[in-house]
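Here is the structure we will look at.
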Amino acid sequence: MSADGRLDLDDLGQVIEQASSLDDVVGTHDAGPTFGERLESAGITPWARRHRAALAGVAAAAVAVGSLAWFRHDPRPPDDGLPHVAVVDSLSNPGVNNDVPGLLTSIYTIVNQRAGDTVALLGISGPGIRATSVGRAVLDSHDDARASTPVLAVIGCDDPRVLEATEDDYHLLVRRTDAYGRTVDAALPMPLGSQNRWALSIGGMCLQSLATTGLHVESVRAAVVPGRAQVLLDVEVRNGLAHDLVLDVLGYPGMFVRPDSSSTTVPAGATRTLHVTETVGNCESARLEGMVPGPDGQSSIGVTDRTLDVYVRALTSSPDAMSTGISLPWSAQQARPVTAAFAAACAGMPRYRLHVVSSTEAPRGIVDAAVRQSGDPSTTVLRAVVDVATDADAVTVTDVVADGGQDFGAMPQLTVIDAATGRQLSPLATPHPVRAVSGHARVTVDWMLSCSGAFSPPTARVVLMRDGRSWPLLLNVDDTGLAAGVPSVCPDVTIEMLQQSGWQSVQPPLSG
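Note that this note's numbering numbers the sequence shown so that position 7 is 79, with each residue one more than the last.
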């Protein structure tokens, strides 16, 4: 300390080492005035109190000048703030998966575009995504600049944007860290040509969930089509959602009961009636089969005559139209007229019994044509004479594809032989009814099968006709007469192999 009582300071304004203690600095061993008292008596402290704001500004300016000086001397190169990251679909697992309900996942590969940086996926953002994260990295590349990571998204269908979303609304969240620890977070658009269609996946899931709870059946009416095995259903449906919906009822072949295709638009908050014609394909099972949610909300319960399968489309401004399939349920009480209508549609069905009288290999030309059609050299054709004992007036026998008007080229396949010419009729051709004589109608059919394994019993569509009415049936031609002919055209096939392929007619008797 100098003789005038001031602190000895070095060039940087620090107390020199000779001031060895706080007592030496403030003079606590001196009986004279303290350092603070000296400042007060000299008028410095009162002046500082009067100019407090000015002193604070001077201090801030001093800090700013110091920071500017540090910035000008920062040895790190400037950062451009760009992500320098590319994201592409993973080659190991393209597509969006829904293995866990309510959680969508997809793997993406991130490509580091600048040496010295590290990059990471953080998740995904967009309509209907409630939360997001990433899983453990997947090793699917030997390139150190590439890393593949599963992106996880928890779906929230309460987002009002979810049914209007497009792929452009979804972004991958990435973070780039340079060699100096500086980070840049960015939201990147989906990779060009990506197979991961988040808008369609999330929109479809949410539409199914929303439509299942938002569509309600108000009433059901059912009536029989006179003279035919058909039922007309009028299903009144209320749309409780905020979007207009289109309900498509799709026709499909080969079912016991199938609807004719129809389409109805149900505006938001409105009620409309679906007019559906149900054609019975098998009068031995004239009912609608379906499932409704169980009391626990997780399981399902099988029901009859209580559901209608519809395809739901949301009418929105999005070019990525949302659509999904649901089952419209109604109550057990509403199902009573439906059950009664289906029973009436098949009431009075004539008795029948189908039996294969004989089965032998078809002519060589028929077999060669079947091989060319299937492309399978093990294909062959078994010609069978089918006797239908019935009190109907006439009978037709066709392959099941004739019902839907489509030939899917599947085996086994039955083809009717024209009795007048001996030639095969197209499976799609409508055969002439064979009149029953003395309670019997006989039809010759060719059964195309593969000796390499497609020799399960074929299914035939049989229609019984009497007094202007018709009763359709789907019959499994599991008959000992047909089974006996299989080894004659497929020498390597044994009775044991037929038993393993589902033939009940050749099963050994149960031992008592």
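Think of the CB as a built atom: it goes at the ideal place given N, C-alpha and C, for glycine as much as any other residue.
Residue i and residue j closer than 8 Å at C-beta
i, j, result
"GLU236", "ARG269", "no"
"MET421", "ALA466", "no"
"VAL307", "VAL292", "yes"
"GLY553", "VAL469", "no"
"ARG514", "VAL458", "yes"
"LEU305", "VAL352", "no"
"ALA419", "ALA464", "no"
"SER542", "ARG300", "yes"
"GLN496", "THR487", "yes"
"ASP316", "THR343", "no"
"LEU244", "VAL223", "yes"
"ARG248", "ASP189", "yes"
"VAL296", "ALA417", "yes"
Alpha-carbon to alpha-carbon, residue j and residue i
i, j, result
"SER395", "CYS229", "15 Å"
"PRO544", "ALA393", "39 Å"
"ASP550", "SER450", "22 Å"
"VAL97", "ARG148", "Legend: pLDDT at VAL97 = 35, less than 50; position of this residue unreliable, no value from coordinates given."
"SER390", "ASN184", "33 Å"
"PRO263", "LEU346", "42 Å"
"ALA358", "SER333", "19 Å"
"ASP151", "SER281", "46 Å"
"GLY275", "PRO409", "36 Å"
"ALA209", "THR285", "38 Å"
"SER430", "VAL382", "44 Å"
"PRO580", "THR566", "14 Å"
"ASP448", "LEU454", "16 Å"
"LEU260", "GLY253", "21 Å"
"ALA219", "GLY397", "37 Å"
"GLY153", "ARG310", "53 Å"
"SER560", "ASN354", "32 Å"
"LEU322", "LEU360", "15 Å"
"ALA340", "ARG385", "13 Å"
"VAL197", "TRP519", "Before going on, a small fix: residue 197 reads as Ser here, not Val. Spanning the two alpha carbons is a distance of roughly 57 Å."
Residue from the options with nearest C-alpha to residue i
i, options, result
"VAL472", "SER372, TYR324, ARG495, LEU282", "TYR324"
"MET327", "LEU319, VAL297, GLY362", "GLY362"
"ALA203", "ALA209, GLY195, VAL210", "GLY195"
"ALA491", "VAL296, PHE414, ALA456", "ALA456"
"PRO365", "GLN445, ALA259, THR379", "THR379"
"ASP377", "ARG385, TRP402, THR388, GLU356", "TRP402"
"GLU433", "CYS562, ASN169, LEU193", "CYS562"
"ALA555", "ARG541, LEU304, PRO530", "PRO530"
"ASP250", "VAL558, HIS156, ILE227", "HIS156"
"LEU313", "LEU245, ALA295, VAL234", "VAL234"
"GLU356", "SER577, LEU547, VAL206", "LEU547"
"VAL375", "GLY397, ALA386, GLN405, ASN354", "GLN405"
"ASP171", "SER273, ALA295, SER498, ASN354", "SER273"
"VAL289", "LEU387, SER498, SER399, ALA441", "SER399"
"ALA271", "ALA413, THR493, GLY167", "GLY167"
Buried or exposed (CB count within 10 angstroms, at least 16 for buried), residue i
i, result
"ALA187", "exposed"
"ILE373", "exposed"
"SER162", "buried"
"MET335", "A small correction: the amino acid at residue 335 is Ser; Met does not occupy that position in the sequence shown. SER335 should be labelled exposed."
"PRO435", "exposed"
"LEU175", "exposed"
"SER178", "buried"
"GLU568", "exposed"
"GLY557", "buried"
"PRO199", "buried"
"TYR180", "buried"
"GLN485", "buried"
"LEU570", "buried"
Element boundaries [alpha helix (DSSP H), containing residue i]
i, result
"GLY574", "Where GLY574 is concerned, there is no enclosing alpha helix (DSSP H), given that its DSSP letter is neither H nor E."
"ARG408", "404 to 417"
"ALA340", "That residue, ALA340, is in no alpha helix (DSSP H); it is neither H nor E in DSSP."
"MET277", "270 to 286"
Residue range of the unbroken beta strand (DSSP E) whose run includes residue i
i, result
"ILE438", "ILE438 -> not in any beta strand (DSSP E); alpha helix (DSSP H) instead, spanning 436 to 446."
"ILE373", "372 to 376"
"PRO559", "First-last for PRO559: 552 to 561, but that is the alpha helix (DSSP H), not the beta strand (DSSP E)."
"THR351", "343 to 352"
"SER205", "201 to 206"
"ILE489", "No beta strand (DSSP E) holds ILE489; DSSP gives it neither H nor E."
"ALA508", "It is not in any beta strand (DSSP E) - ALA508 carries neither H nor E in the DSSP assignment."
"MET537", "531 to 538"
"ARG425", "424 to 433"
"TYR180", "175 to 184"
"VAL160", "157 to 161"
"VAL384", "379 to 387"
"LEU264", "From DSSP, LEU264 is part of no beta strand (DSSP E); its letter is neither H nor E."
Min CB distance residue i to chain B below 8 Å
i, result
"THR204", "No chain B appears in this structure, which consists of one protein chain only."
Residue i Cβ short of 7 Å to the ligand SAH heavy atom set
i, result
"THR432", "As presented, the structure is devoid of all ligands, the ligand SAH included, so that no description of it is given."
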